[in-house]
Amino acid sequence: MSGGAPTGSTHASTSEPAAATTNGPSMTNFYSELELERGADAAAIKASYRRLVLKYHPDKNPADPVGAEERIRKINIAYETLSNPAKRSAYDCQMSAMEMHSRGMHVDTSNIIPKALIPQTFMLCPMGHPEMFLRAVGQSLMFQTRADVPEMGFGEFFEAAKFELGWTPGDLANRCRLHKRASVTNGVVGMRQAKGNKQAAQMLQSLSFGLSGDANCCDVMLSLTVEPMQTEVVALASTKYPGAFRFHSAHFSSHFLAFDPP
1277 MSGGAPTGST
1287 HASTSEPAAA
1297 TTNGPSMTNF
1307 YSELELERGA
1317 DAAAIKASYR
1327 RLVLKYHPDK
1337 NPADPVGAEE
1347 RIRKINIAYE
1357 TLSNPAKRSA
1367 YDCQMSAMEM
1377 HSRGMHVDTS
1387 NIIPKALIPQ
1397 TFMLCPMGHP
1407 EMFLRAVGQS
1417 LMFQTRADVP
1427 EMGFGEFFEA
1437 AKFELGWTPG
1447 DLANRCRLHK
1457 RASVTNGVVG
1467 MRQAKGNKQA
1477 AQMLQSLSFG
1487 LSGDANCCDV
1497 MLSLTVEPMQ
1507 TEVVALASTK
1517 YPGAFRFHSA
1527 HFSSHFLAFD
1537 PP
């Protein structure tokens, strides 16, 4: 698997993450990139994309070919999201959540049950960066976009971005482990197969961190360890962004998974 360059890192931290800064993170407006209104239909998105690609083709911009290529890159990123109904829906949800946060609105999480709402298999995107996905690259974890690894196929890119939760027996206050989704190709059985099979469960790669009482933050990586102090997290619904979740260390309550922008 090709690694590519990381666009951001993930760590366990006591400081506020990018998604919870005072003014909120900035978020690229893909509709503006394609010179569209938010209610544009699929036909309008395709037509605008084709028009802009022709307009900013480097051959038609000899005075600034580098600037034209950068504009094309942004247009392609916006189109990849808005032309896909599922990606567009997720993007629109993030946009709405960011707008609510900017207006000072908060989410009532009293009736939100993470175990009931988080899918069995999911991908992790930092708030404000819907084009970025947390990916497993060897034992490392990197936030990357498709543009960061252009030589990589669609399926290969997203296969490394799929995660699952292993909930703690007894349902102890939403306590769980974040696992890299098991696949047949790496010889690891899936979560449903692993239930009741202790040896198979131990083969799953979990997000692991080396926190201690004196550490303010630490890097996060994938590991086969099942040590609770290094792997157990608590899934919490965000009070700032509807539909978003945070993962706090189960044993160091002031620490949580955070995204460091590049």
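Per our numbering, the sequence shown starts with residue 1277, numbered consecutively.
From the three backbone atoms N, C-alpha and C, an ideal C-beta is built for every residue, glycine too.
Computed from a predicted model, the values in this text were never measured in an experiment.
Is residue i near residue j, with beta carbons less than 8 Å apart?
i: Val1509; j: Ala1534; result: no
i: Ile1321; j: Ser1359; result: yes
i: Phe1430; j: Pro1402; result: no
i: Glu1311; j: Leu1330; result: no
i: Ala1511; j: Leu1480; result: no
i: Phe1528; j: Pro1390; result: no
What does the Cβ neighbour count give for residue i, buried or exposed, with the cut at 16 atoms within 10 Å?
i: Ile1351; result: buried
i: Lys1456; result: buried
i: Ala1318; result: exposed
i: Glu1346; result: exposed
i: Ala1449; result: exposed
i: Glu1427; result: exposed
For residue i, collect the residues of the same chain with a Cβ closer than 7 Å to its Cβ; drop the 5 residues on either side in sequence, then sort them by chain order.
i: Met1497; result: Gln1415, Ser1416, Leu1417, Ser1484
i: Thr1357; result: Phe1306, Lys1363, Arg1364, Tyr1367, Pro1406, Glu1407
i: Glu1313; result: Tyr1307
If I'm right that residue i touches residue j with Cβ under 8 Å, what's the distance once you round it to whole angstroms?
i: Thr1397; j: Ala1513; result: Their Cβ separation, rounded to whole angstroms, is 19 Å, which puts Thr1397 and Ala1513 out of contact at 8 Å.
i: Ser1488; j: Thr1507; result: The pair is not a contact, with the Cβ atoms about 15 Å apart (cut-off 8 Å).
i: Gly1404; j: Met1303; result: 4 Å
i: Phe1433; j: Leu1454; result: Not confirmed; about 19 Å, so no contact.
Go through its chain and collect everything with a Cβ distance to residue i's Cβ below 6 Å, but skip five positions before and after it.
i: Thr1515; result: His1382, Val1383, Thr1385
i: Tyr1355; result: Tyr1325
i: Gly1380; result: none
Pull up the distance between the alpha-carbon of residue i and that of residue j, whole angstroms please.
i: His1377; j: Glu1435; result: 31 Å
i: Cys1494; j: Ala1339; result: 46 Å
i: Leu1441; j: Val1342; result: 43 Å
i: Glu1503; j: Ile1394; result: 24 Å
i: Arg1422; j: Leu1410; result: 12 Å
i: Ser1530; j: His1524; result: 7 Å
i: Ala1344; j: Met1399; result: 32 Å
i: Asn1337; j: Arg1349; result: 15 Å
i: Ala1392; j: Pro1445; result: 15 Å
i: His1333; j: Ala1412; result: 34 Å
i: Gly1315; j: Asn1387; result: 31 Å
Go through its chain and collect everything with a Cβ distance to residue i's Cβ below 8 Å, but skip five positions before and after it.
i: Pro1518; result: Cys1369, Ser1372, Ala1373, Met1376, Val1383
Counting contacts by CB-CB distance shorter than 8 Å, is residue i in contact with chain C?
i: Gly1429; result: In summary, chain C is missing from the structure at hand, where a single protein chain is found.
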